[in-house]
Amino acid sequence: QLRSHPSSYPKDEPRLLADTPTLRLWYKADNVFEMPKLNLMMILETPVVSAEGVESNVGAFLWVQILREQTTAAFTYLASMANLNCSFANARGGIEVHVSGYNHKLSVLAKKIVDAMKAVGDNLEEELFDRIKDKASKQYLNFLYSQPYQHAIYGLDMCLETNKYSIKDKIACLESFTLHDLLSFHHRLLSRFRLQMLVHGNATPDEAVSLSDIFLQGLSKNKNASPPFPSHPNDTRVLTLPPTPTALRFKGYNPSDTNSCLATVYQIGHMPSLRTNSILSLLSHILREPAFNELRSQEQLGYIVHTSIKTSGDDIKSLLFLIQSDAYDPLHLEERVEAFL
Numbered sequence: 025q026l027r028s029h030p031s032s033y034p035k036d037e038p039r040l041l042a043d044t045p046t047l048r049l050w051y052k053a054d055n056v057f058e059m060p061k062l063n064l065m066m067i068l069e070t071p072v073v074s075a076e077g078v079e080s081n082v083g084a085f086l087w088v089q090i091l092r093e094q095t096t097a098a099f100t101y102l103a104s105m106a107n108l109n110c111s112f113a114n115a116r117g118g119i120e121v122h123v124s125g126y127n128h129k130l131s132v133l134a135k136k137i138v139d140a141m142k143a144v145g146d147n148l149e150e151e152l153f154d155r156i157k158d159k160a161s162k163q164y165l166n167f168l169y170s171q172p173y174q175h176a177i178y179g180l181d182m183c184l185e186t187n188k189y190s191i192k193d194k195i196a197c198l199e200s201f202t203l204h205d206l207l208s209f210h211h212r213l214l215s216r217f218r219l220q221m222l223v224h225g226n227a228t229p230d231e232a233v234s235l236s237d238i239f240l241q242g243l244s245k246n247k248n249a250s251p252p253f254p255s256h257p258n259d260t261r262v263l264t265l266p267p268t269p270t271a272l273r274f275k276g277y278n279p280s281d282t283n284s285c286l287a288t289v290y291q292i293g294h295m296p297s298l299r300t301n302s303i304l305s306l307l308s309h310i311l312r313e314p315a316f317n318e319l320r321s322q323e324q325l326g327y328i329v330h331t332s333i334k335t336s337g338d339d340i341k342s343l344l345f346l347i348q349s350d351a352y353d354p355l356h357l358e359e360r361v362e363a364f365l
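Set out below in structure tokens:
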């Protein structure tokens with residue numbers, strides 16, 4: 025059954041329904057396509073993930089992998105047969121949850137997800153933990169053999185953003201990470217948190233609030249959520265680059281890979297308004313074709329030539345030039361980018 029929506033609600037933007045220390049709820053009715061479906065997107069923000077070091081970062085990665093395994097075995101496959109879907113991912117500062125499907129049964133799936141999140145540590149067997157740990161170890165090690173342009177972007181993030189941990193630190197931490205460490209992380213994870221949530225689709229504002237209550241009250245101890253402490257930063261701090269050029273050069277992780285890569289950022293800074301973001305997007309769009317034509321087609325500097333807008337942290341914008349080459353040194357690539365500009 026299609027829901028009726030307040031006529032005053034805009035068709036092209038969400039409406040903020042709640043903004044408390046434990047919940048920020050956005051609501052966007054499907055008053056355009058009028059489909060009997062609902063989408064719920066949520067980030068569980070917690071200082072346990074963002075401010076407790078590399079151990080918690082690795083713990084969050086393992087926790088999400090185990091949650092996927094447990095929910096797949098319990099209900100997600102069967103739910104998908106009824107066109108009810110959910111997914112879990114690691115996010116900056118927390119855990120990301122997506123739920124979608126026919127609106128009249130979405131609350132049932134939401135309650136099962138809440139129960140599964142609370143029960144990750146219950147009856148967790150050593151065999152499952154060891155299998156997920158081995159899988160995570162292979163993913164970390166595989167990154168060392170990925171393309172140099174991926175390593176270059178990783179290097180940029182390590183230089184510019186706080187609360188970033190090197191892949192070698194993660195590998196070293198994972199080797200000594202035990203089942204007891206994961207159970208300890210699980211018990212701390214839901215002790216203090218804040219939900220950022222968007223409900224979009226065939227639902228009334230009251231139904232959107234009810235869905236948020238399923239997660240907020242279900243994940244809280246004694247039905248009372250404790251928000252993060254006010255001193256806990258809720259955004260990622262980004263290094264301000266000096267006016268003079270700054271360069272960082274490091275060896276590739278894969279010695280058999282003959283490619284090199286240049287990743288150059290021209291930091292613009294905080295872009296608070298729609299107008300300035302639009303101007304930057306236009307500039308990036310204008311540069312894209314001539315940069316590819318000159319640096320890739322004419323000079324043939326490398327197979328990968330890419331320009332785009334890079335966002336560091338939450339809203340610090342930069343122009344990114346990325347070139348991967350097996351014929352030229354990064355210093356030469358940088359000279360050609362400067363000459364092009």
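Per our numbering, the very first residue in the sequence shown carries number 25; after that it's consecutive.
From the three backbone atoms N, C-alpha and C, an ideal C-beta is built for every residue, glycine too.
Buried or exposed (CB count within 10 angstroms, at least 16 for buried), residue i
| i | result |
| --- | --- |
| GLN410 | Given a span of 25 to 365 for the chain in the structure shown, any question on residue 410 remains unanswerable. |
| VAL56 | exposed |
| GLU69 | buried |
| ILE166 | Per the sequence shown, residue 166 should be read as Asn rather than Ile. Classification for ASN166: exposed. |
| MET66 | buried |
| ALA106 | exposed |
| SER336 | buried |
| LEU168 | exposed |
| TYR51 | buried |
| GLY83 | buried |
| LYS194 | buried |
| ILE303 | exposed |
| GLY293 | exposed |
| ASP54 | buried |
| ALA271 | exposed |
| SER305 | exposed |
6 Å CB neighbourhood of residue i in its chain, flanking five on each side removed
| i | result |
| --- | --- |
| PRO266 | none |
| GLU58 | LEU26 |
| GLN291 | LEU265 and SER342 |
| GLU120 | ILE67 and ALA113 |
| LEU207 | GLY145 |
| PRO251 | PRO45, THR46 and ARG218 |
| HIS256 | PRO71 |
Own chain residues within Cβ distance below 7 Å of residue i, not counting five before or after
| i | result |
| --- | --- |
| ILE177 | ALA287 |
| SER190 | MET182 |
| LYS188 | ASP181 and MET182 |
Distance, residue j Cα to residue i Cα
| i | j | result |
| --- | --- | --- |
| LEU49 | ARG218 | 11 Å |
| ASP146 | LYS334 | 41 Å |
| SER234 | MET141 | 19 Å |
| SER284 | ARG299 | 37 Å |
| THR100 | GLN174 | 32 Å |
| LEU198 | ASP205 | 10 Å |
| ARG261 | THR186 | 6 Å |
| SER80 | ASN317 | 45 Å |
| PRO172 | ILE347 | 10 Å |
| PHE112 | PHE364 | 42 Å |
| LEU160 | LEU152 | Going by the sequence as given, residue 160 is Ala instead of Leu. ALA160 and LEU152: Cα-Cα distance of roughly 12 Å. |
| ASP259 | LYS162 | 30 Å |
| HIS128 | ARG216 | 31 Å |
| ILE156 | LYS192 | 19 Å |
| GLY326 | LEU307 | 23 Å |
| LYS136 | MET221 | 18 Å |
| PHE85 | SER32 | 42 Å |
| TYR164 | GLY225 | 37 Å |
| VAL78 | PHE201 | 11 Å |
| PHE239 | ALA97 | 21 Å |
| ARG312 | ASP338 | 24 Å |
| ASN63 | GLU231 | 12 Å |
| LEU355 | VAL329 | 15 Å |
| LEU357 | GLN324 | 11 Å |
| LEU133 | SER321 | 51 Å |
Local conformation of residue i per DSSP, three classes
| i | result |
| --- | --- |
| VAL20 | Beyond the ends of the chain as shown, which are 25 and 365, falls residue 20; an answer cannot be given. |
| GLN348 | strand |
| GLY293 | strand |
| ILE331 | The identity of residue 331 in the sequence shown is Thr, whereas the question assumes Ile. If DSSP states are grouped into helix, strand and coil, THR331 belongs with the strands. |
| TYR173 | helix |
| SER190 | coil |
| VAL56 | coil |
| THR46 | coil |
| ASN109 | strand |
| ASN278 | coil |
| GLU359 | helix |
| SER32 | coil |
| GLY179 | helix |
| GLU93 | helix |
| ASN317 | helix |
| ASN283 | coil |
| LEU298 | helix |
| ARG312 | helix |
Beta-carbon proximity list for residue i, same chain, < 8 Å, skipping 5 on both sides
| i | result |
| --- | --- |
| VAL361 | LEU286, THR288, LEU319, PHE345 and ILE347 |
| ARG39 | TYR33, TRP50, TYR51, LYS52 and PRO229 |
Exercise for the section: Output the residue ranges of the alpha helix (DSSP H) runs that lie fully inside the stretch 127-169 and measure 4 residues or longer, sorted by chain position. Expected result: 127-142 and 150-167
Practice task
Write down every uninterrupted run of the beta strand (DSSP E) in the stretch 196-271 whose length is 3 residues or greater and which is fully enclosed by it, in chain order.
Solution key: 218-225
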